[in-house]
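Residue numbers (this note's numbering), protein chains in the order written: chain A, 36 to 229; chain B, 1164 to 1399. The structure appears below as structure tokens.
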């Protein structure tokens, strides 16, 4: 949530170095997401898939249920770190720039809870400007932005989201060590957008 | 060795249980419902981080101060803080650590659960729709992110307004008289309904929707630019 964590072409792969035909990483990620959400996992084809994959190493086998020919087993940490870094910075700047809207919204909400007359949106903007200046629109922005940049909280956020998603979409492949490794390797921009 | 065996057997058991769970439920559950459940759990777990951060943010935003950092006479019996650290320090001193982490936690959980679920489901539905093919790989996630943000905010906004009002009130330990004035979520909901009817629950929605769109657009743009610098060989 923030902090909310927000969600979600969850299925993207950080390691797309080897795929040069793709139009762009975003495109690839997005298509993968659509593909997997369309595919229906009946119990019979899950059984088949399960037996087919059972001899693969849990840490590297394709938990996403995507086509194994398009997703490599050589995972790249630097791609993950790049995604994490770019997502954190992007999220922080996004939150920072959109922050005045949030302030207006909060002020309106708080004044609704109090007696007295309601200010219209334009009047509210004028009043903040007059009383507090530009800083008035950005009160409390530091705590919100810094949380976007706090790597531990971001990882927690991402892992929770990703774990829940994988657990529910592909429960047959659920095991803690493999999921943990998957989480670290497959952090995607769309999760970071939250 | 024994530990390894134990881990393996636990893994195996978990796999079996979850597989049976899926087999039993797969006929009645579509992927969208699964996504909704995933969103619910994610929302539940993230609330514990979100709640204190939003508490500080709301205290900072709701203060009415003038340029020379004095209280605005027209409103506000609340404190005036110089910065976030000042605000946290004041809260710990006057309300205690417990209030910092627990004040408004329940209402945050109530808000986060449907909002995460709505976001998941809306994004999933949009990604499956034919609009995704028309828009292409760059525009689709950008637009869908904003639309999913709106789908998340509109239904959960009434809960958000109650949460903001609840967290904006101070609960000072020492002051018994003031403590009685602190309303819980249910009382706030009743008060809002009496004062403004259903429309009262949607005050300030427009900036929130604008924020969702701007935030998604900027975040996505910066992400793409930075990834272009960091991993230039991916894109060509």
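Note that beta-carbon positions come from the ideal geometry of N, C-alpha and C, so glycine has one too.
Minimum Cβ-Cβ distance from residue 243(A) to chain B less than 8 Å: Nothing about residue 243(A) can be read from this structure; chain A reaches only from 36 to 229.
CA nearest to the CA of residue 1345(B), picked from 1274(B), 1258(B), 1206(B), 1285(B): Taking the second chain and counting its residues from 1, one reaches residue 1345(B) at position 182. The shortest Cα separation from residue 1345(B) among 1274(B), 1258(B), 1206(B), 1285(B) belongs to 1258(B).
contact_flag[the segment 1348-1366 of chain B, the segment 1282-1292 of chain B] where n(CB pairs < 8 Å) is 3 or more: no
Exposed unless 16 or more other CB atoms sit within 10 angstroms - verdict on residue 1227(B): For the purposes of this step, residue 1227(B) is identified with residue 64 of the second chain, where counting begins at 1. With 16 or more Cβ atoms within 10 Å of its Cβ, residue 1227(B) is classed as buried.
Coil, strand or helix - residue 122(A) by DSSP: In the first chain, counting from the first residue as 1, residue 122(A) sits at position 87. In the structure shown, residue 122(A) sits in a helix (DSSP, three-state: H, G or I).
Beta-carbon separation (whole angstroms), residue 1251(B) vs residue 1219(B), contact threshold 8 Å: Position 88 of the second chain holds residue 1251(B). Position 56 of the second chain holds residue 1219(B). With a Cβ gap of about 6 Å, residue 1251(B) and residue 1219(B) count as contacting.
CB contact below 8 Å: residue 169(A) versus chain B: Along the first chain, read from residue 1 onward, the residue named residue 169(A) stands at position 134. False, the Cβ-Cβ gap to chain B never drops below 8 Å.
Nearest residue (CA-CA) to residue 168(A), options 117(A), 135(A), 178(A): Position 133 of the first chain, counted from the start, is the residue given in the question as residue 168(A). Closest option to residue 168(A), Cα to Cα, is 135(A).
Residue 1266(B) versus residue 1329(B) - alpha carbon distance: Indexing the second chain from 1 puts residue 1266(B) at position 103. Indexing the second chain from 1 puts residue 1329(B) at position 166. Taking the straight line joining both Cα atoms gives about 8 Å.
Minimum C-alpha distance to residue 177(A) - residue among 1317(B), 1249(B), 1348(B), 1350(B): Here the question's residue 177(A) lines up with position 142 in the first chain. The candidate whose alpha carbon is nearest that of residue 177(A) is 1249(B).
Delimiting residues of the alpha helix (DSSP H) encompassing residue 1350(B): Along the second chain, one-based indexing puts residue 1350(B) at 187. It spans 1348-1359 - the alpha helix (DSSP H) in which residue 1350(B) sits, taken as one unbroken run.
Chain A contact for residue 1164(B) (CB, 8 Å cutoff): Residue mapping note: residue 1164(B) aligns to position 1 of the second chain, counting from 1. Here residue 1164(B) scores only 49 on pLDDT, less than 50, and its place in the model should not be relied on; the value that follows carries that caveat. Closer than 8 Å: no.
CB contact below 8 Å: residue 166(A) versus chain B: Within the first chain, the letter at position 131 stands for residue 166(A). Yes, contact with chain B.
Neighbourhood of residue 1299(B) by C-beta distance below 8 Å, restricted to the same chain and skipping five residues each side: Numbered from its first residue, the second chain carries residue 1299(B) at position 136. Same-chain partners within the cutoff: there are none.
Positions along the segment 1361-1378 of chain B whose CB lies within less than 9 Å of some CB in chain A: 1363, 1364, 1366, 1367, 1368, 1369, 1370, 1371, 1372, 1373, 1374, 1375, 1376, 1377, 1378
Test: residue 1331(B) CB closer than 8 Å to a CB of chain A: Stepping through the second chain from its first residue, residue 1331(B) is reached at position 168. Yes, because at least one Cβ of chain A sits closer than 8 Å to the Cβ of residue 1331(B).
Short CB-CB distance (under 8 Å) between residue 1228(B) and chain E: Given the protein chain composition of this structure (A and B), no chain E is represented.
Chain B contact for residue 161(A) (CB, 8 Å cutoff): Counting from 1 along the first chain, the entry for residue 161(A) is found at position 126. Residue 161(A) does not count as touching chain B.
For residue 1351(B) and residue 148(A), believed in contact at Cβ under 8 Å, the rounded distance: Sequence index remark: in the first chain, residue 148(A) carries index 113 (1-based). Sequence index remark: in the second chain, residue 1351(B) carries index 188 (1-based). Right, the Cβ-Cβ distance comes to about 7 Å (below 8 Å), so this counts as a contact.
Residue 1401(B) versus residue 1305(B) - alpha carbon distance: One cannot answer for residue 1401(B) here, as it falls past the ends of chain B, which runs 1164 to 1399.
DSSP three-state assignment for residue 149(A), whether helix, strand or coil: To locate residue 149(A), count along the first chain from 1; it is residue 114. DSSP places residue 149(A) in coil when its eight states are reduced to three.
Check whether residue 1275(B) and residue 1210(B) have beta carbons under 8 Å apart: Residue mapping note: residue 1275(B) aligns to position 112 of the second chain, counting from 1. Residue mapping note: residue 1210(B) aligns to position 47 of the second chain, counting from 1. The answer is yes: Cβ separation under 8 Å.
Residue 129(A) vs residue 1378(B) beta-carbon contact at 8 Å: By one-based count along the first chain, residue 129(A) stands at place 94. By one-based count along the second chain, residue 1378(B) stands at place 215. Yes, the pair counts as a contact, with Cβ atoms nearer than the cut-off.
8 Å Cβ cut-off: residues of chain B touching residue 180(A): The residue you call residue 180(A) lines up with position 145 of the first chain. Chain B residues near residue 180(A): none, gap ~10 Å exceeds 8 Å.
Residue 1326(B) - partner residues in DSSP beta bridges: Locating residue 1326(B) in the second chain gives position 163, where the first residue counts as 1. Looking at the DSSP assignment, residue 1326(B) forms no beta bridge with any residue, so it has no partner.
Contact list for residue 1220(B) against chain A, beta-carbon separation under 9 Å: Within the second chain, numbered from 1, the residue matching residue 1220(B) stands at position 57. In chain order: 38, 137, 141, 174, 175, 176, 178, 179.
Residue-level contact to chain A via CB, residue 1382(B), 8 Å cutoff: In the second chain, the residue the question calls residue 1382(B) occupies position 219. So, interface residue.
Reduced DSSP category for residue 174(A) - H, G, I as helix; E, B as strand; rest coil: Position 139 of the first chain, counted from the first residue, corresponds to residue 174(A). Residue state, collapsed to three classes: coil.
Min CB distance residue 1327(B) to chain A below 8 Å: Numbered from 1 along the second chain, position 164 holds the residue referred to as residue 1327(B). Yes, residue 1327(B) counts as interfacial toward chain A.
Check whether residue 1322(B) and residue 1272(B) have beta carbons under 8 Å apart: Here residue 1322(B) refers to the residue found at position 159 of the second chain. Here residue 1272(B) refers to the residue found at position 109 of the second chain. Against a cut-off of 8 Å, the Cβ pair of residue 1272(B) and residue 1322(B) comes out as no contact.
Beta carbon of residue 140(A) nearer than 8 Å to that of residue 1367(B): As a working note, residue 140(A) is residue 105 in the first chain. As a working note, residue 1367(B) is residue 204 in the second chain. It is a contact, given that the beta carbons lie within the stated cut-off.
As assigned by DSSP and simplified to three states, the class of residue 1244(B): As a first step, residue 1244(B) must be located in the second chain, where it is residue number 81. If DSSP states are grouped into helix, strand and coil, residue 1244(B) belongs with coil.
Neighbour flag for residue 1386(B) against chain A, beta carbons, 8 Å: Sequence index remark: in the second chain, residue 1386(B) carries index 223 (1-based). At least one chain A Cβ lies under 8 Å of residue 1386(B).
Neighbour flag for residue 122(A) against chain B, beta carbons, 8 Å: Looking up residue 122(A) in the first chain gives position 87. So, interface residue.
Alpha-carbon spacing of residue 1353(B) relative to residue 124(A), whole angstroms: Numbered from 1 along the second chain, position 190 holds the residue referred to as residue 1353(B). Numbered from 1 along the first chain, position 89 holds the residue referred to as residue 124(A). If I take the Cα positions, the gap works out to 41 Å.
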